[in-house]
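S.K.: To start, I am sharing the structure in question, which I have written as C-alpha cells.
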Amino acid sequence: MFDTGTCTEAVERWAAWQDDADLDAGAFGHLPDLPGPGLAGALDMWEPGTRSDEDLIERIGSWEKLKAWAEAGQLAEIAELAARRRAADERERAEHAARGGQGEPGQLMEFVVDEVALAARLSRVAASHRLDLARDLTGSLPQVYAALQAGTIDLV
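283 is the number of the first residue of the sequence shown in the numbering used here; add one for each residue after it.
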C-alpha cells in the first residue's frame with residue numbers, strides 16, 4: 283500500500299538534517315557559551331551576510347572569547363615547554379656533578395625563549411614577555427589563567 287523506500291529515505295534525510303543542525307550550533311542563532319572547539323565550529327559555519335546586527339555583535343564577542351581560550355592554551359604549552367627544559371637542565375647539572383664536573387652542564391633553558399619566538403613567530407623580546415606571562419598565569423595566578431581560558435578576560 284505504501285512505498286516504504288520513500289518513507290525510509292525521508293526518515294534518513296530528516297536524521298541527516300538533525301545531525302547537521304546539531305553540528306551547526308548557530309543554526310537557530312544560538313552560540314555555545316563556553317569557548318572551545320564547539321564555539322569555533324559554530325562561528326565558522328555562520329555566514330555573516332545572513333545574520334542580523336545583533337547576531338553579528340554576539341559573534342564579535344564570541345570571537346574574543348575564542349581568542350582568549352586559544353591564548354590560554356598557548357600559554358599553557360609555553361609554560362610546559364619551559365618546565366620541561368628546566369627539568370632537563372637540572373638533570374644535566376646533577377649528571378655533570380656526578381661526573382666530577384667534566385663536560386658542559388645542560389643549558390636548554392637558555393634557548394627556550396628562542397624556541398617560543400620561532401614557534402609563535404614573535405621577536406625574542408615578545409617571546410620573553412610571553413614566557414614570563416605563561417609562568418605567572420599558570421603558576422602563581424591560576425584563577426586569572428582560568429578566567430582567560432573561560433574567555434571571561436583577554437590579554438589586551
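Don't be surprised by glycine CBs; every beta carbon is placed ideally from N, CA and C.
Under a Cβ-count criterion, where at least 16 other Cβ atoms within 10 Å of its own Cβ denotes burial, should residue 431 be classed as buried or exposed?
M.R.: buried
S.K.: So, helix, strand or coil for residue 456, using DSSP?
M.R.: Any answer about residue 456 is impossible in this case: the structure gives the chain only from 283 up to 438.
S.K.: Out of 359, 333, 389, state which residue places its alpha-carbon closest to the alpha-carbon of residue 370.
M.R.: 389
S.K.: Could you compute how far the alpha carbon of residue 340 sits from the alpha carbon of residue 321?
M.R.: 12 Å
S.K.: Just to check my reading of the structure: residue 398 and residue 360 have Cβ atoms closer than 8 Å, yes? What is that Cβ distance to the nearest angstrom?
M.R.: Contact flag correct, Cβ pair sits at about 6 Å.
S.K.: In three-state terms, what does DSSP make of residue 413?
M.R.: helix
S.K.: Return the residue from the list 312, 349, 316 that minimises the CA-CA distance to residue 334.
M.R.: 312
S.K.: By Cβ distance, which residues of its chain are closer than 7 Å to residue 304, with the 5 residues on each side in sequence left out?
M.R.: With a pLDDT of 47 at residue 304, under the threshold of 50, the modelled position of that residue is not reliable, and the figure given next carries that caveat. Counting only Cβ-Cβ distances below 7 Å, and skipping sequence neighbours, we find nothing.
S.K.: Compare the beta carbon distance of residue 317 and residue 348 with 7 Å and say whether it is the shorter of the two.
M.R.: Yes; because the gap between Cβ atoms is below 7 Å, this pair is in contact.
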